[in-house]
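Below: the structure, in structure tokens.
Protein chains: 4
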Amino acid sequence: MSTIIDSGRVAEHNDKLRSGLEEDYAALAGMLSRRGVDIEQLTAKAQKFAVALPSWGAGTGGTRFARFPGRGEPRNVFEKLDDCGVIHQLTRATPGVSLHFPWDKVSDTQALRQQAEAHGLYFDAVNSNTFQDQVGQEHSYKYGSMTAISAATRAQAVAHNVECIELGNALGSKALTVWVGDGANFPGQHNLRGALERYLESAREIYAALPADWHMLIEHKLFEPAFYATTIADWGTSFACAQSLGDKAKCLVDLGHHAPNTNIEMIVARLTQFGKLGGFHFNDSKYGDDDLDSGSINPFQLFLVFNELADAAEREGAGFNPAYMLDQSHNVTDPIESLMSSAVEVQRAFVQANLVDRVALRGFQESHDALQSAQTLKHAYRTDVSSILAMARLRNGGAIDPVACYRASGYRDQMAEARPAKAGASSSGIV
Amino acid sequence: MSTIIDSGRVAEHNDKLRSGLEEDYAALAGMLSRRGVDIEQLTAKAQKFAVALPSWGAGTGGTRFARFPGRGEPRNVFEKLDDCGVIHQLTRATPGVSLHFPWDKVSDTQALRQQAEAHGLYFDAVNSNTFQDQVGQEHSYKYGSMTAISAATRAQAVAHNVECIELGNALGSKALTVWVGDGANFPGQHNLRGALERYLESAREIYAALPADWHMLIEHKLFEPAFYATTIADWGTSFACAQSLGDKAKCLVDLGHHAPNTNIEMIVARLTQFGKLGGFHFNDSKYGDDDLDSGSINPFQLFLVFNELADAAEREGAGFNPAYMLDQSHNVTDPIESLMSSAVEVQRAFVQANLVDRVALRGFQESHDALQSAQTLKHAYRTDVSSILAMARLRNGGAIDPVACYRASGYRDQMAEARPAKAGASSSGIV
Amino acid sequence: MSTIIDSGRVAEHNDKLRSGLEEDYAALAGMLSRRGVDIEQLTAKAQKFAVALPSWGAGTGGTRFARFPGRGEPRNVFEKLDDCGVIHQLTRATPGVSLHFPWDKVSDTQALRQQAEAHGLYFDAVNSNTFQDQVGQEHSYKYGSMTAISAATRAQAVAHNVECIELGNALGSKALTVWVGDGANFPGQHNLRGALERYLESAREIYAALPADWHMLIEHKLFEPAFYATTIADWGTSFACAQSLGDKAKCLVDLGHHAPNTNIEMIVARLTQFGKLGGFHFNDSKYGDDDLDSGSINPFQLFLVFNELADAAEREGAGFNPAYMLDQSHNVTDPIESLMSSAVEVQRAFVQANLVDRVALRGFQESHDALQSAQTLKHAYRTDVSSILAMARLRNGGAIDPVACYRASGYRDQMAEARPAKAGASSSGIV
Amino acid sequence: MSTIIDSGRVAEHNDKLRSGLEEDYAALAGMLSRRGVDIEQLTAKAQKFAVALPSWGAGTGGTRFARFPGRGEPRNVFEKLDDCGVIHQLTRATPGVSLHFPWDKVSDTQALRQQAEAHGLYFDAVNSNTFQDQVGQEHSYKYGSMTAISAATRAQAVAHNVECIELGNALGSKALTVWVGDGANFPGQHNLRGALERYLESAREIYAALPADWHMLIEHKLFEPAFYATTIADWGTSFACAQSLGDKAKCLVDLGHHAPNTNIEMIVARLTQFGKLGGFHFNDSKYGDDDLDSGSINPFQLFLVFNELADAAEREGAGFNPAYMLDQSHNVTDPIESLMSSAVEVQRAFVQANLVDRVALRGFQESHDALQSAQTLKHAYRTDVSSILAMARLRNGGAIDPVACYRASGYRDQMAEARPAKAGASSSGIV
């Protein structure tokens, strides 16, 4: 497996921090042991945890007002893969990459696959894009794609999704994530039911093209780009569609795609109960689909999501395997740094959720001890598992402090030189 | 049919206002005629419109902070029926009454039925109550009812619902509305999935007791009284449960039970599309479940809900017949006045939705003319159909201006005398 | 005054609709007369109403995901002025144009002023832009403008605002609207207080450059482009800053810039009470800063805002003169059509608010008659004043049905030919 | 100082847990020392931290739907003081008690003061109550108190507040918290500006009665009990009023009284910047004014509030001394347990905020290093300071694990016997 940052530099980095980490780890081990918890089991779990990277997250994002580019941004999918390689090299928690077509479309899929393998990466769910018009595209999506009034436009959207499946299949992916911006900006613009009927008609055609071992992940979102009525606006609609389509259709939960005050962890519980949880786009938000770094705004909520996932894993056994992906927009940070620290935050929530004493929790729940039930979760959440995460990275061959190691490597400076910004380029800040 | 307010007084009231109404009606008829609309068809529809009254709405409501009682509040279901009789007498739009047990439980259901018939009223959906403990109740609902950990508590909740069905059956009702406050105040308090599993188990037992021609209406609500995780919190959960239970289970939409910014009319479209719209609790709100008078805060939203209902009626034909009920808390107004004017507001939205030029709308939608699509709805909504509503009342034997007629009647003063407040009574402001 | 659409065409349009309008107007006059209202006084008020157009609204807007351009979009401020001229020609309600620099910056301000005058237009508040980087700009606003840590960046932002004042002064404007996107995406990114201290320091320098008869309008916004903490996020901050700066500083209210559930009309009441209401950016929204057409989502709210303005006008007298401007993003409609119909919607709310029987309202308020207080507002709001608005346009020399007249004129087709889209242009969808 | 739980029991409890605590404390000391932090300085700060208890929080709360009483609830202020005494005895973090009149009004204030002193308690801000009608009260607050149309009602509300000051003065309090539910349920019910003018008129009279060293704390709240327009709805209004009243008027921030998505820590920053932060009502919420246990829903937000307070303390020095109070409704937990654990959560946030490396943070902020700025806060927040808090309690004479110690003490059982529930009592669940 090739490494993009010189492995000697990583070793040097780790050598400097190792003894401090070992002391912290031992201290935590002692604390956990006094609670009856074996730190090694947690570290082993942490070592196996993985969350996929979004290829589009490697560039700087933006808003409708502006995009302020960063230095050395990747200009194509091969460069994006390099950046993802760095992230995985240092965190050892991000072996999957989620591609977005046509942005990441290449003619030579084998070359792409080989580069990924060289970085120890594989391809997770692929994403279609019918929320933008591409140069030379025959039919515009201005008034909808899968829900378009025009049959030809719908056929074009279906064909693009089918092509995504083919591309993904060639790359080893096993799922297609379908997010459409389709919707209305004004009352009356759409016949609300008619739009969903057309969506389902299109979706059935895409579904029919899925290989046997693939999933179709339906991603809902409350608003933006549609500002009055988004066709797939909430988990209820996503669920009803997934049910209508069949077993291979599942629901994808993006943490930023809900109405204010929504209890997202309960949606996770509902989807697992009814067999339709397909996966996640992790990020964080305070207002809308802010696409901020995972765990940066409400880390307790991220933990509570993983608490539901831990409960589901216990109930469902090995078959329970939703897709975990990051989906963020990095407007004011170095995308590589944000993706590294976000992967660590998601992994942190996973480990903390595994720290919950589920036997005690059940006991408190059954005796109506709301206070101790809550404290049981908080006890796990409060535990600073940083040294477990660092030890997992170290043991997996990554960096104890990925951001510090990355900064010391000079990678961004090298890329700034190797990847000069295209003059006049204002690549979109899409997420 | 007995009338509670002297019919001579109503006639006198109408006589004074009739000529003005006729002039306004003629003026509107002319305006509509210039748009190609026959006012008489709308008036005929208005005359047939009905929305049921909540028996509990006849008293003054309150908040957890205080209840400020009004004068002459009804002290039992017979007095509530009298008040409902007045409302229907003057509006001719509220022939149904929705009862709430055990609040409205009487031993002599025949007497109740006879009184209702004397007022020209029938009984719409009955409501169970497992969100409060009743004096002498064996098991408390403090920690849940249909979702309770304790099998005995769940059995008690089920038995109460079955009794409600029996009482309703004796009264001629055809539906049971089930709203439970069950939920958790703290993360961890509930196993979220376990709670819904127990809910479904209880619901199946209730469902089994439904007569063949009955519906079970599942009412969701985002929060209050549970403040972290309500078991039936959103339409997605309600829908999944209704599907799981069977054809007789449907979803009830209360306009105040959603997350901020939710597009409620789209939920209506979804539920009709998937065959699960059971009915409505109409009210209005700005913040939470504020239970304000229908149409008082966002009348355009109420219109848009009825626009979806008109679309559904066109698609589904005569079989489409969701239950319409008011559900409001009257904290600062005379409940009779609020219920009268709210019934009129709901009827107004119904008539305006029937004014929408659906052929033109479809044409604009199909040609992506978002502006004219929106204006087509606004054109109908902007039309002041007040004189149609007044004429419908007049022709149906009601009052041209129900609030003015009611005030002139002295009914409240008589009730203030006839129904002295119980000393120390602080009847709850429940809605 | 030059007209852009042939005045013969407008006359022809009006001739066809005149008799129908006159009948509707007479019918409404009769209805109003029965309520003791003189229609002519309302029409006279409607004729004097004005709301300014945003130059940037003449182009098609977009989201961070995509912009789907329209045909014949204006490519510079002169073409934008032509489009504004059409809007005012047909609506007679939009004599002001609000410019945005540097987008609308020209070297020959006199030519611009002359063109405006030829269209019967004048220049309302000018807007500065420090939320984007311009080509060749020395210091980037990526990390803030008026709040930037770097003194040089702040000085650049101040200098730009001062230049805007100078440009506006040359054009006859009397106000500078200052909206900055400054803020933080992450907790910790900003010292929240430090950022506002720097803002105030910059603002004081701009304020010092205001001519004696100018206002500085501070525009707050909850979020976007900053997603954790926007420096000028709410009316409280805007108000505190305006107070700190001095009498010429006022607050500007954009209807889409508030937290969910906010009572915007109460903010209007507060700002007028404390002497700090400077003006409005009118639009509508369901979720965030959706920038939809005014009155398209919640028309009652727009009416309630004007109800407060009518109350303030009564209290404050002639001196009360806040700036009214549209600020919308037209993503799926023809911007000219949306701006015309939005101007009419704002004017509608103004006329309806003038229909409120304030003496009766005060009486109901003083006798705690909440129901009739509410009905007094609804009575005015329900009145369909469309024919008053059309008559005001007709009398002022505009079109009875501006959208229909505009469509019939073929203006957009001509512009599509005259203004070919720049190849590869992806002009931003900023609003 | 008397103790309510036998001090031998507390000692026994501590003896069992002491060695485990000491090991955890030593482990944490080592971790902190590797970060250059002296644990003893934090522990010393923790030992001095105090947050006041709400007397009304000692009873079980409820909602408008129901109240499910707990066992052994206090029936008067003396019993509430006993419960507060227990909480302070075990946590050593709650020496203040905030009283609510007339609920807590006694004729013998000296007896009350002596009992407080016997428990080591003093009286923090006193609260007035004009949101309920008391038996025998001359004028009802149904339509407002300080904002009432009726001058006599306003005078009654003012007189009650003045009496609260007098009672508080006799008890050693130094502040009056004024929260009024005044507002409107319907558009039109209030003249919005008129209501605030009357509020200010009443407030000025109350302000005039403040002793020289007192503060008047104005508490705003978005909604409930008023559901359309609350007179003191947001910090902007609170701030404008406090400014208008004078230096002794300050703003009180209740964490649950804001619109969805509001950045509360920024409000804290604004109020400190403009010299008007008076204090806090701590609690937590997910939807509205849910009044849940502090830190139970969004603990990171609580930390961020204390991060602003730490920043302010650094800037303002010793003079910066806002009032810290809990204000919660305990519907499903033992109020004593919730108050103990909530006090600990608030103290935890305080200690974590004191762990923030402010020099490093400033450096990151000044170099636009958003990622490391955010991580600097997260680093402090992630630190599990539980053993610091336990050690602070132990050293101050409290219990290592207050809830466990309390449960072992049998206090609730004793109270259940000593304080039989009043038959038919349905004491309100007000918070």
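Chains as they are written, first to last, in the UniProt record's numbering: chain A, 1 to 431; chain B, 1 to 431; chain C, 1 to 431; chain D, 1 to 431. Each residue gets a CB set at the ideal place from its N, CA and C atoms; glycine is no exception.
Partner residues on chain C for D133 (chain A), Cβ-Cβ distance less than 9 Å | Under the 9 Å cutoff, chain C gives A66 and F68.
Report the residue from D:T237, D:T262 and D:I218 whose alpha carbon sits nearest the alpha carbon of F280 (chain D).
-> D:I218
Please compile the residues from chain D whose C-beta is within a distance smaller than 9 Å of the C-beta of Y199 (chain B).
-> The contacting residues do not exist; Y199 (chain B) stays about 18 Å from chain D at best.
Check whether the Cβ atoms of S338 (chain D) and S294 (chain D) sit closer than 7 Å, and answer yes or no.
-> no
Rounded to whole angstroms, how far is the Cβ of S98 (chain C) from the Cβ of A52 (chain C), which I believe are closer than 8 Å?
-> Yes, they are in contact, since the Cβ atoms of S98 (chain C) and A52 (chain C) sit about 5 Å apart, within 8 Å.
Measure the alpha-carbon distance for G70 (chain C) versus G59 (chain A) and round it to whole angstroms.
-> Distance between the alpha carbons of G70 (chain C) and G59 (chain A): 29 Å.
Which residues in chain B sit within 8 Å of A370 (chain C), going by Cβ to Cβ distance?
-> Those are V332 and T333, listed as they occur along chain B.
Counterpart residues of E219 (chain D) in DSSP-defined beta bridges = D:L252
In terms of residues, what are the limits of the alpha helix (DSSP H) holding I282 (chain B)?
-> Before going further, note that residue 282 (chain B) is Phe rather than Ile in the sequence given. From DSSP, F282 (chain B) is part of no alpha helix (DSSP H) but of the beta strand (DSSP E) over L277 to F282.
Minimum Cβ-Cβ distance from F101 (chain D) to chain B less than 7 Å = no
Rounded distance between the beta-carbons of I87 (chain A) and Y411 (chain A), thought under 8 Å = About 10 Å; that fails the 8 Å criterion.
Under the rule that 16 or more other beta-carbon atoms within 10 Å means buried, what is R393 (chain B), buried or exposed?
-> buried
Anyone know if the C-beta pair for E256 (chain D) and D290 (chain D) falls short of 7 Å?
-> Looking at the sequence provided, one finds Gly at residue 256 (chain D) rather than Glu. For the 7 Å CB-CB criterion, G256 (chain D) and D290 (chain D) form a contact.
Taking any Cβ of chain B, which residues in the stretch 276-287 of chain C have a Cβ under 8 Å from it, in chain order?
-> So the list reads K286 and Y287, given in the order they occur along the chain.
Residue 433 (chain B) versus V385 (chain B): straight-line alpha-carbon distance, rounded = Residue numbering for chain B in the displayed model covers 1 to 431; residue 433 (chain B) lies beyond these limits and cannot be assessed.
Assigned secondary structure, M146 (chain A) (DSSP; H/G/I helix, E/B strand, else coil) = coil
Would you call the stretch 178-192 of chain A and the stretch 124-132 of chain A in contact, with 3 or more CB pairs under 8 Å?
-> yes
Are the C-beta of F223 (chain C) and some C-beta of chain A separated by less than 7 Å?
-> Interface residue, yes.
Ignore the nearest five residues each way along the sequence and tell me which others in V268 (chain D)'s own chain have a CB closer than 8 Å to its CB.
-> Excluding positions up to five away in sequence, the list reads V253, L277, V305, E308, L309 and A312.
Going by CA-CA distance only, name the one from B:S55, B:M391 and B:T333 that's closest to A44 (chain B).
-> B:M391
Going by alpha carbons, who is nearest to A29 (chain C) out of B:S33, B:A93, B:R362 and B:E23?
-> B:E23
Inter-residue spacing [alpha-carbon to alpha-carbon] between R419 (chain A) and Q115 (chain A) | 18 Å
Kindly indicate which residue of C:S285, C:A249 and C:Q137 has the alpha-carbon position closest to the one of P322 (chain C).
-> C:A249
Rounded straight-line distance, which links the Cα of Q347 (chain D) to that of E316 (chain D) | 21 Å
Give the DSSP bridge partners of S98 (chain D), in chain order.
-> D:P54
For G8 (chain A), count neighbouring C-beta atoms within 10 Å of its own C-beta (all shown protein chains included) and say buried if the count is 16 or more, exposed if not.
-> exposed
Could you tell me which residues DSSP pairs with Y324 (chain A) in its beta bridges?
-> A:F280
If you measure beta-carbon to beta-carbon, which residues of the stretch 305-325 of chain B are closer than 9 Å to chain C?
-> none
Could you check which residue in B:N298, B:T91 and B:Y406 has the C-alpha nearest to that of F49 (chain B)?
-> B:T91
Distance, Cα to Cα, A184 (chain B) vs T63 (chain B)?
-> 20 Å
Residues sharing a beta bridge with T177 (chain B), DSSP = B:N127 and B:L217
From the DSSP output, which residues share a beta bridge with T60 (chain A)?
-> For T60 (chain A), the pairing in a beta bridge is given by DSSP as A:H330.
In three-state DSSP terms, what is Y122 (chain A)?
-> strand
Whole-angstrom Cβ separation of M340 (chain A) and Y406 (chain A), contact assumed at under 8 Å?
-> The pair is a contact, with the Cβ atoms about 7 Å apart (cut-off 8 Å).
Short check: CB of Y228 (chain B) to CB of T147 (chain B), under 7 Å?
-> no
To which residues of the same chain is I165 (chain B) closer than 8 Å at the C-beta, ignoring the five residues directly before and after it?
-> V126, L176, I206, A209, L210, P211 and W214
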